[in-house]
Amino acid sequence: MVRASAAAERAGVRSVSVVASGFVQQAHAIARALGAANLAVAEYPGVPMIDSKEELRRKVAESLVNSIIAGLTTPVADAAKPAEPGPRDIVFRGTLDEVEEFFYKNMWSEGLPIVPPTLERVQSFLKFTDRSPDEIIRVLLPENREATIWNVAVNGVMAGCRPEYMPVLVAVVEAIADPAFRIEDAGSTPGWEPLIILNGPIIKELDFNYGSSAMRVGRQANTSLGRFLRLYMRNVPGLRIPPGATDKGSFAYTFNVALAENEDAVAEMGWPPFSVDQGFKAGENIVTVQSVVSISPPTYSGGHTPEEHMRTIAGIIGDNMAYRIAAGVRMGKLYPLFVLSPSVAGVLAKGGWTKDDVRRYLYENVQAPAEMLEWVAWQQGQSGFNFCKLAREGVAPQEYCVSEDPKRLVPVFLKPEWIGIVVSGDPGRNQSKGYVQNQAQGVPVSKKVALK
Numbered sequence: 089m090v091r092a093s094a095a096a097e098r099a100g101v102r103s104v105s106v107v108a109s110g111f112v113q114q115a116h117a118i119a120r121a122l123g124a125a126n127l128a129v130a131e132y133p134g135v136p137m138i139d140s141k142e143e144l145r146r147k148v149a150e151s152l153v154n155s156i157i158a159g160l161t162t163p164v165a166d167a168a169k170p171a172e173p174g175p176r177d178i179v180f181r182g183t184l185d186e187v188e189e190f191f192y193k194n195m196w197s198e199g200l201p202i203v204p205p206t207l208e209r210v211q212s213f214l215k216f217t218d219r220s221p222d223e224i225i226r227v228l229l230p231e232n233r234e235a236t237i238w239n240v241a242v243n244g245v246m247a248g249c250r251p252e253y254m255p256v257l258v259a260v261v262e263a264i265a266d267p268a269f270r271i272e273d274a275g276s277t278p279g280w281e282p283l284i285i286l287n288g289p290i291i292k293e294l295d296f297n298y299g300s301s302a303m304r305v306g307r308q309a310n311t312s313l314g315r316f317l318r319l320y321m322r323n324v325p326g327l328r329i330p331p332g333a334t335d336k337g338s339f340a341y342t343f344n345v346a347l348a349e350n351e352d353a354v355a356e357m358g359w360p361p362f363s364v365d366q367g368f369k370a371g372e373n374i375v376t377v378q379s380v381v382s383i384s385p386p387t388y389s390g391g392h393t394p395e396e397h398m399r400t401i402a403g404i405i406g407d408n409m410a411y412r413i414a415a416g417v418r419m420g421k422l423y424p425l426f427v428l429s430p431s432v433a434g435v436l437a438k439g440g441w442t443k444d445d446v447r448r449y450l451y452e453n454v455q456a457p458a459e460m461l462e463w464v465a466w467q468q469g470q471s472g473f474n475f476c477k478l479a480r481e482g483v484a485p486q487e488y489c490v491s492e493d494p495k496r497l498v499p500v501f502l503k504p505e506w507i508g509i510v511v512s513g514d515p516g517r518n519q520s521k522g523y524v525q526n527q528a529q530g531v532p533v534s535k536k537v538a539l540k
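For the sequence shown, the numbering used here gives the first residue as 89, with consecutive numbering after it.
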């Protein structure tokens, strides 16, 4: 909303951003980043979704209307963005403890110890890429800061990565810088976190874990890569929790370590790796980044037939994903991810099932009552959400309105081909997990890793 108001002001149209109390600080922070620190903001006091209709009307009449009028009648003066250090400036000299404290006070670290990004360390990363340090990948919102090869290396040093990870780090930043990813929405209230998925020979070359405890901190490659992305999002796009104000995750959670696929297992069972599903050739080094808004419970499935396993996976993981579909239907994007252990995927493949068979089963068998999902959508702030209305408008597929019966079952997944499947984790256990993607924000974006 603030970005739209800033654009309107630049076009000579007066505007006011109407926000609830919990978003006022974020609105001002984004306005400052846009060079419009004095942009008019009208505050709705409190949380609209917990107010009665009478209370909402009273607050609008007694508070909001006056703020809107004042905002539209008060001149707005642009304010310059605060100056920042240059890429190669020496910003501090001191002991390790003093460096850590300086970076923390400037909100350049997330509170964990960092590796000081000395010029020598940054140069050691740049040796692993042929690209110019000054190359601009893209300007990233919300703080309109340039993503460059240089600051990729700087944040890689800080996160504890090895220099040889540099080509992977660049591919990760290219993924989040892709306009389709919508990095500007990464500070939204669901508190979604990016997940990096790796494919190709680089998994073994750089010692990524794809077996037991694949998603636990402890292996340098998986852990530092995940930390790098969260640190980069903090320092370049500028997504910071309080006392910063651009990350509005209501609860949120911490960074995901990188997920590496067990390509030996998928080759043995005759399935294509995840990267091939994303449009690349088997054997290419590929990075995919997507949003994750929640993770299912660990799900154990038993039996020697595909149907036995899929009944459990659909019933537990699929139902866990149902509560996020409303925004996906409205936005026309939803990319759930299923991570299967090699033992579970092996039963499916041995039974003659392809990945498309798995996707089709999930699409056809994971359903939920329309009235329940519409009620959940209302509580999330999507007032007036109605599947049939969206279907009549051509926004939602017709499958969501085969009748007007509020108890009718509707699909949880928009399209079977949008369901991601990765094989990883403990080969000695029959466990699977589901990762709930956050609709049009952080859609899966894949980039090739360019080795020097």
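Note that the Cβ used here is the ideal one computed from N, Cα and C, for glycine as well.
Collapsed DSSP secondary structure at residue i in the structure displayed
i, result
"Gln519", "strand"
"Arg307", "coil"
"Lys540", "coil"
"Pro219", "This sequence places Arg at residue 219; Pro is not what is there. Note: Arg219 maps to coil in three-state DSSP."
"Arg376", "Looking at the sequence itself, residue 376 is Thr, so the reference to Arg does not match. Strand at Thr376."
"Leu541", "The displayed coordinates of the chain run from 89 to 540. Any statement about residue 541 would go beyond what the structure contains."
"Phe426", "strand"
"Leu283", "strand"
"Gln529", "coil"
"Ile178", "coil"
"Gln113", "helix"
"Thr387", "strand"
"Gln455", "strand"
"Pro570", "With the chain covering only 89 through 540, there is no way to say anything about residue 570."
"Ala108", "strand"
"Glu234", "strand"
"Ser382", "strand"
"Ala265", "helix"
"Arg226", "strand"
"Ser534", "strand"
"Ala95", "helix"
"Ala484", "coil"
Where residue i falls, given that 16 or more other Cβ within 10 Å makes a residue buried
i, result
"Tyr298", "buried"
"His397", "buried"
"Thr236", "buried"
"Ser471", "exposed"
"Lys521", "buried"
"Arg145", "exposed"
"Glu262", "buried"
"Asn154", "exposed"
"Thr442", "exposed"
"Met137", "exposed"
"Asp218", "exposed"
"Tyr488", "buried"
"Ser105", "buried"
"Asp365", "buried"
"Ile157", "exposed"
"Arg541", "Residue 541 is absent from the model: the chain starts at 89 and stops at 540."
"Tyr320", "buried"
Identity of the residue in the options nearest residue i by Cα
i, options, result
"Val135", "Gly110, Phe473, Leu422 and Asn350", "Gly110"
"Pro331", "His116, Ala433 and Gly100", "His116"
"Cys476", "Trp466, Val464, Gln467 and Ser491", "Ser491"
"Thr541", "Ile178, Arg181, Pro133 and Asn126", "As displayed, the chain neither begins before 89 nor continues past 540, which places residue 541 out of reach and without an answer."
"Ala268", "Asp177, Pro170 and Ser379", "Ser379"
"Ser180", "Pro499, Pro170, Leu207 and Gly159", "Strictly speaking, residue 180 in this sequence is Phe, with Ser absent from that position. Checked all of Pro499, Pro170, Leu207 and Gly159; the closest Cα to Phe180 is Leu207."
"Pro454", "Val483, Ala96, Leu144 and Thr400", "It is Val, not Pro, that sits at residue 454 in the sequence shown. When each option's Cα is compared against that of Val454, the closest is Thr400."
"Ala353", "Asn287, Val261 and Ile264", "Asn287"
"Gly508", "Gly100, Leu450 and Val107", "Leu450"
"Arg496", "Gly530, Glu459 and Ala415", "Glu459"
"Gln308", "Asn323, Ser384 and Ile291", "Ile291"
"Gly367", "Trp506, Leu122 and Arg98", "Trp506"
"Pro289", "Asn350, Ile329, Arg304 and Arg328", "Asn350"
"Pro424", "Ala348, Val531 and Ala346", "Val531"
Host alpha helix (DSSP H) of residue i (start-end)
i, result
"Arg480", "Phe475 to Arg480"
"Leu184", "Leu184 to Lys193"
"Gly508", "No alpha helix (DSSP H) holds Gly508; the beta strand (DSSP E) holding it covers Gly508 to Val511."
"Ser212", "Leu207 to Leu214"
"Arg146", "Lys141 to Lys147"
"Val354", "Glu351 to Met357"
Where the beta strand (DSSP E) through residue i begins and ends
i, result
"Tyr132", "Val129 to Tyr132"
"Ile290", "That residue, Ile290, is in no beta strand (DSSP E); its alpha helix (DSSP H) goes Ile290 to Glu293."
"Val242", "Run containing Val242: none in the beta strand (DSSP E); it sits in the alpha helix (DSSP H), Ile237 to Met246."
"Arg102", "No beta strand (DSSP E) contains Arg102, which DSSP labels as neither H nor E."
"Ile329", "Ile329 -> no beta strand (DSSP E), and no H or E assigned at all."
"Ile157", "Here Ile157 belongs to no beta strand (DSSP E); instead the alpha helix (DSSP H) covers Val153 to Thr161."
is_contact[residue i, chain D] using C-beta, thresh 9 Å
i, result
"Ile178", "Judged by its chain identifiers, the structure shown contains no chain D, having just a single protein chain."
>> Across the stretch 237-248 and the stretch 194-213, are there enough close Cβ pairs to call them in contact, namely three or more that are closer than 8 Å?
In response: yes
Margin query: Between the stretch 184-191 and the stretch 224-244, can you find at least three pairs of beta-carbon atoms closer than 8 Å?
Written below: no
Is the stretch 308-316 touching the stretch 398-412, taking contact as three or more C-beta pairs under 8 Å?
no
Touch test, the stretch 361-375 against the stretch 409-416, Cβ-Cβ under 8 Å, three pairs minimum = no
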